[in-house]
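Numbering (my numbering), first residue to last: 1 to 116.
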């Protein structure tokens, strides 16, 4: 059993992301998890992530903890997500992501590993 506290996590900065601080709770490097990783992304107002993942074989789940995030699909449809709402993406489904509000947002991120 491995307990991790937010205050002990190191931030990382994924490519294509802006105005966000990301921290990973569990994963191969952090706790030895072999099938998935889980982290938290804290978006400033106007922060987000460029279009990505349409060529990525991983499944993804985003769960909004605080604030509001807007997810855009390949057809330009926008999904505004608030606290206690989630959205999932099958392999090879792209997305754009932005905090279009004037308040910070916190989002839980869960992604499988390719060989899981």
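For glycine and all other residues, C-beta sits at the position ideal for the given N, C-alpha and C.
- Kindly indicate which residue of 19, 10, 5 and 92 has the alpha-carbon position closest to the one of residue 101. 19
- Task: Return the CA-CA distance between residue 27 and residue 38, expressed in angstroms with no decimal places.
- Result: 7 Å
- Item | Three-state class that DSSP yields for residue 30 in the structure shown | helix
- In its own chain, which residues sit with a C-beta less than 7 Å from the C-beta of residue 58, not counting the 5 before and 5 after it? 91, 111, 112 and 114
- Let me know if residue 6 comes out buried or exposed under the rule of 16 or more other beta-carbons within 10 Å of its beta-carbon. exposed
- Message: What does the alpha-carbon distance come out to for the pair residue 84 and residue 71?
- Response: 15 Å
- C-beta contact flag for residue 125 and residue 98 at 9 Å: Not covered by the structure: residue 125. The range shown for the chain is 1 to 116.
- Mapping DSSP to helix, strand and coil, what is residue 35? coil
- Task: Within the same chain, show all residues whose beta-carbon is closer than 6 Å to that of residue 46, passing over the 5 residues directly before and after it, in chain order.
- Result: 19
- Quick one: grab the DSSP three-state call for residue 115. coil
- Item | N-terminal and C-terminal residue of the beta strand (DSSP E) that residue 93 is part of | From DSSP, residue 93 is part of no beta strand (DSSP E); its letter is neither H nor E.
- Task: Would you check whether the ligand ATP has a heavy atom nearer than 8 Å to the C-beta of residue 68?
- Result: What this structure holds is no ligand at all, so the ligand ATP is not there to describe.
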